[in-house]
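Just so we're aligned: the sequence shown equals residues 4 to 281 in our numbering.
Built from N, CA and C at the ideal position, the CB exists for glycine as well.
All values derive from a computational prediction rather than experimental measurement.
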Amino acid sequence: MSKIYDLHCHSTASDGTLTPEQLLQHAAERKVDVLALTDHDTVAGLDEARIEAQRLGIELINGLELSVTWNNQTLHIVALGINPDYAPLRAGLAELQAFRQWRGEEIARRLEKKANISGALEGASAHAKGKLLSRTHFARFLLEQGHVKGMQDAFTRYLKKGKSGFVPSTWADFEQGLQWITESGGQAVLAHPARYSMTATKLRKLLGEFKECGGEAIEVVSGSHSKNDYFAMANLAKQLDLLASAGSDYHGPENPWIELGRLPAIPEGCTPIWHNWN
Ligand code: AMP
Ligand code: MN
Ligand code: MN
Ligand code: MN
């Protein structure tokens, strides 16, 4: 029997709704053999996750989903197998977390001023429970207050680029971020590459630079990719000699259409990122 891998998911350390412990328990129910916990811009959930993983016999990969800026565009890089104690990485993450706090305050100011919605900072912070603040927490607040019909609607109407609650942001520098990952012993994976609405030419340019800076893989199979995307990304991985990764991007049971460890196989001809693990 081949192992079940899920190399992208979130806990309450960022914008997921299960605690690291609950997430590992859910992974065990879903028969996941190898799980990477990849919270946005934090490694804070890994210690708790590791304890539960050991108890349940799940192989836990130390992960992270890093927010970076490339050519004025926000991209996500999944880091796998990092040393979470590597000092430059930790310092970089601390800066991103402080930026997220400031951005949260600014989102709230803008929602108040432009959309006449008050209490957003307190509301979102209550969802974040003192942990890292994400737009997802603002979306949950907007939904709970009846300002929107669903999470997607919250982004479409208030939180995405061009909308009243959007704050233009500069995340970690692309090259710098890749350096934190590779120098801490990790492998860098471009997350959900089909989701950036880039032309094929631009995506190739990005992946060229990604490889030059030490990037090794792209998510071919992702909870946020369509079936067509799997094949397009598989072809790209083959052509550019990149490894293929697979992750659900699970955020919790509230999104029942995305489940942990229930991913289709990586298309034929691609080399999975785990091919030489162990
Ligand atoms: P942030 O990194 O704080 O800007 O938030 C990004 C997160 O918001 C992503 O990781 C998703 O979890 C969530 N997100 C972004 N766009 C959408 C959307 N259209 N619908 C639902 N969730 C979204
Ligand atoms: Mn998220
Ligand atoms: Mn992402
Ligand atoms: Mn994610």
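- Considered as a whole, the stretch 173-217 harbours 177-186, 203-215 as its complete alpha helix (DSSP H) runs of no fewer than 4 residues, in chain order.
- Take Cys273, set aside five residues on each side of it, and the residues of its chain with a beta-carbon closer than 7 Å to its own are Val223, Ala237, Ala240, Lys241, Ala247, in chain order.
- Distances from the CB of Ala157 to the heavy atoms of ligand 3 are all 6 Å or more.
- Taking a contact to require three or more Cβ pairs closer than 8 Å, the stretch 257-269 and the stretch 26-39 qualify as touching.
- Of the other Cβ atoms in all chains shown, 16 or more fall within 10 Å of the Cβ of Gln190; this residue is therefore buried.
- Selection Val46, Asn74, Ile54 evaluated against Met201 yields Asn74 as nearest (Cα-Cα).
- Taking 7 Å as the cut-off, the Cβ atoms of Ser225 and His195 count as close.
- By the Cβ neighbour-count rule, Phe144 is buried, with 16 or more other Cβ atoms within 10 Å of its own.
- Residue list for ligand 4: His11, His13, Glu68, Asp252 (CB closer than 6 Å to any heavy atom, chain order).
- Pro275 and Ile269 have their C-alpha atoms spaced approximately 7 Å apart.
- By the Cβ-count criterion, Asp88 is exposed, with fewer than 16 other Cβ atoms from all chains shown falling within 10 Å of its own Cβ.
- Checking the 6 Å criterion, the Cβ of Thr15 is out of range of every heavy atom belonging to ligand 1.
- With at least 16 other beta carbons inside 10 angstroms of its own, Ala111 counts as buried.
- Collapsing the DSSP output to three states places Gln148 in coil.
- Proximity annotation: ligand 3 has residues His79, Ala194 in chain order, each selected because its CB is closer than 5 Å to a heavy atom of the ligand.
- Here Ala175 is not near Val192, since their CB atoms are 7 Å or more apart.
- The C-beta separation of Ile7 from Lys34 comes to about 6 Å, placing the pair in contact by the 8 Å criterion.
- Just measuring C-alpha positions, the residue of Ile61, Arg160, Trp183 sitting nearest Ala97 is Trp183.
- Contact annotation: Val81 and His13 have beta-carbon atoms that are not nearer than 7 Å.
- The alpha-carbon separation between Glu125 and Gly153 amounts to approximately 20 Å.
- Between Arg93 and Asp44, the alpha-carbon positions lie close to 10 Å from each other.
- In the structure shown, the three-state DSSP call for Pro270 is coil.
- Close CB contacts of Glu108 within its chain, under the 8 Å cut and outside five residues either way in sequence, are with Leu124 (chain order).
- The beta carbon of Thr185 sits closer than 6 Å to those of Gly217, all from its chain and outside the five residues before and after it, given in chain order.
- In the structure shown, the three-state DSSP call for Trp277 is helix.
- Shown here for Arg53: same chain residues with a beta carbon closer than 7 Å to its own, the five before and five after excluded, namely Leu63 in chain order.
- The DSSP-derived three-state label of Ser225 is strand.
- The criterion of a C-beta distance shorter than 7 Å is satisfied by Ala118 and Ser167.
- Leaving aside the five residues that flank Thr72 on each side, the residues in its chain whose CB is nearer than 6 Å to its CB run, in chain order, Thr173, Trp174.
- When the Cα atoms are used, Leu40 and Gln25 turn out to be separated by approximately 12 Å.
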